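Notes to accompany the following structure.
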Amino acid sequence: MIIRKSKMRNSILCLFLLLWGSIATAEILSEDDKLSQKLIDAEDTSYTAIEWQNFAEQGNKVAQAQYGLMLMKGDRVKKNCSLAKTYLGKSSEQNFHLGYAGMAILYVDGCGVEKSLSKAKDYLIKACINGWEPGCKKYKEI
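Numbered according to mature numbering (1 follows the signal peptide of the UniProt record, and there is no 0), the sequence shown spans residues -26 to -1, 1 to 116.
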């Protein structure tokens, strides 16, 4: 009887810790989602390149895509295709459509990667699946 109570207490404690961990994770994710929405709503000129970089280094997928595009184009920062690939890749790993779209552009242009239209097409399809409306309409016309 004592052993069963002990196991039950451990089970309840484990369940409590799992639930608490899930709630804590949900709160963290919702804060990141709030930041993501704020960054999506902002015009890209609302923040400096350093601010975009800081948000990107904190792991925000929107900022990673935006900063990667800035690096790819040389917009307000020195053009660096290799670093652009890193940031766009991190954003696409989080299934963000602009990360995928940026990776597609890198493969079309051969910027920091070997040119590959098949890889570009794969990334473009992933961008469309994950909600990149303007690019998908254009892609369907081609």
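Here a beta-carbon is modelled for each residue, glycine too, at the ideal position from N, C-alpha and C. The model shown is predicted, which means the values in this text are computed figures rather than measured ones.
Residue i vs residue j beta-carbon contact at 8 angstroms
{"i": "G105", "j": "H71", "result": "yes"}
{"i": "S10", "j": "V51", "result": "no"}
{"i": "K89", "j": "Y97", "result": "no"}
{"i": "A78", "j": "A94", "result": "yes"}
{"i": "Y61", "j": "Q32", "result": "no"}
{"i": "residue 117", "j": "L43", "result": "With the chain running from -26 to 116 in the structure shown, residue 117 is simply not present."}
{"i": "N34", "j": "L45", "result": "no"}
N- and C-terminal bounds of the alpha helix (DSSP H) containing residue i
{"i": "G33", "result": "Looking at the DSSP string, G33 is not in any alpha helix (DSSP H), and its letter there is neither H nor E."}
{"i": "S90", "result": "Careful: S90 lies outside any alpha helix (DSSP H) and carries neither H nor E."}
Outcome for residue i when other beta-carbon atoms lying within 10 angstroms are tallied against a minimum of 16
{"i": "S92", "result": "exposed"}
{"i": "S20", "result": "exposed"}
{"i": "S66", "result": "buried"}
{"i": "K8", "result": "exposed"}
{"i": "residue 129", "result": "The shown model of the chain, from -26 to 116, leaves out residue 129, and the question about it has no answer."}
{"i": "S4", "result": "Any answer about S4 is weak, because its pLDDT of 49 lies below 50 and its placement is not dependable; what the coordinates show is given next. The residue in question, S4, is exposed, as its Cβ has fewer than 16 Cβ neighbours within 10 Å."}
Cβ-heavy atom distance, residue i to the ligand PLP, below 7 angstroms
{"i": "G105", "result": "The ligand PLP is absent from the structure shown, which contains no ligand whatsoever."}
What ranges does the alpha helix (DSSP H) occupy inside the segment 53 to 86, keeping only unbroken runs of at least 4 residues that lie completely in it? Correct list: 55 to 67 and 71 to 83.
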